[in-house]
Every structure is written in structure tokens, then in C-alpha cells.
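Only one structure is covered here, and it is reproduced in the block below.
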Amino acid sequence: MPAGTAVEGSSCTESNECAPGLLCAGIGVASCLKTCESDSECPGTTNLCLLEFEDGVTDLCTGTCDPIAQTGCPSGAMCRVYQEDSGARRGFTTCWGPIGTGVQGSSCTDSDDCARGYVCGGTMCHKWCREGFSGDCPTDTTCTGLTESIPVGSTRYNVCI
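With the first letter of the sequence shown counted as 1, position 31 gets the number 70 in my numbering; the numbers rise by one all the way through.
Quick look at the structure:
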């Protein structure tokens with residue numbers, strides 16, 4: 040089957056829509072992602088080669104998106120900050136969907152319940168923020184919600200609480 044022409048980060052439903060070297064994958068909302076064997080093959084300085092494709096063999100680069108501005112994701116997806124569960128515990132961003140409607144303080148059972156720019160922590164939605172940046176958090180909250188912030192490149196992400 041011939042490869043498509045959709046570029047990295049474009050929304051897709053099947054891999055044959057994506058340009059060569061890309062596969063259609065994602066969490067909830069699919070996009071064309073680059074295949075890789077090491078971090079050095081991933082574009083940008085904060086993309087990591089660690090997303091496992093559904094075949095259990097192929098690895099994919101994490102996407103480049105901005106969790107504060109909510110840019111870099113296809114329609115229907117939001118940008119989230121993640122951290123590896125073990126090992127170096129490196130931080131990264133990637134697109135996630137579906138998108139809920141919960142904002143700061145709204146109740147949630149998982150992050151699907153929260154709006155763009157928010158994450159479910161415990162049972163409430165919290166806004167993503169950058170440590171050292173004023174204006175990321177709503178009035179009367181501070182960027183100190185996580186025990187340890189998540190470094191992605193030179194930016195340290197936390198949540199408003």
C-alpha cells in the first residue's frame with residue numbers, strides 16, 4: 040500500500056495516510072508520528088523515542104506540543120505533560136484526546152474529564168503551569184501542586200493548586 044502525504048503531527052485514521060517514516064498512532068486522537076530506534080532520531084530537543092506502537096516492536100517519537108498555549112496537536116486533542124514511570128524519569132509532552140470540559144477545581148475521575156491545559160490530579164482538574172512564570176495560574180493559586188515538577192527541556196512544569 041503506498042504511503043500518504045500527511046506530515047508529522049497531522050491527524051490521521053490509518054498509517055497509509057502518513058508520509059514515509061511515519062505511523063498513525065496516538066492516545067485517543069491519532070496523528071502521524073515518526074518511527075525511531077533512539078532519541079537522536081526524533082526531531083527537536085525534547086522529543087523522546089519511547090512511545091510503543093500497537094505491534095509491540097516499533098517505537099515512536101513523542102510529539103512536540105505546548106501544554107500552556109495548547110498548540111501542536113490535531114483537532115480534538117490536547118497537549119499533556121508526562122514523565123517516564125521508571126529509569127531516568129524524563130519528562131515529555133505529547134497529544135492526548137478526548138478533551139473534557141473541567142477547569143481548575145472541577146471534579147474528575149481521569150484527565151479525559153478536564154479541558155485543554157488541565158490535568159486530573161486526585162479528583163480535581165488542575166491547570167498546567169511553568170515554574171518561575173507569573174500568570175500561568177488562576178488567581179489565588181500557585182504553581183506548586185506536584186511534589187516534584189516535571190522537566191521538559193529547560194522548562195519545569197507543575198500544576199496550579
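Ideal Cβ positions, reconstructed from N, Cα and C, are used throughout, including at glycine.
In the three-state DSSP reduction, Asn55 falls in the helix class (H, G or I). Here DSSP, grouped into helix, strand and coil, assigns Asp78 to helix.
The Cβ atoms of Ala58 and Val46 sit closer than 8 Å to each other. According to the DSSP secondary-structure assignment, Val198 is paired through a beta bridge with Trp167. Straight across, the Cα-Cα distance linking Glu76 with Gly141 is about 37 Å. Secondary structure within the region 54-136: the beta strand (DSSP E) runs of 3 or more consecutive residues, fully enclosed, are 61-64, 70-75, 88-91, 98-100, 117-122 and 130-135 (chain order). For the set Gly144, Tyr121, Gly130 and Glu80, the Cα lying nearest the Cα of Met163 is the one of Gly144. Put simply, the backbone Cα of Leu72 is about 12 Å away from that of Glu80. DSSP, reduced to helix, strand and coil, places Ser150 within a helical segment of the structure shown. For the pair Asp151 and Cys134, the Cα-to-Cα distance works out to about 12 Å.
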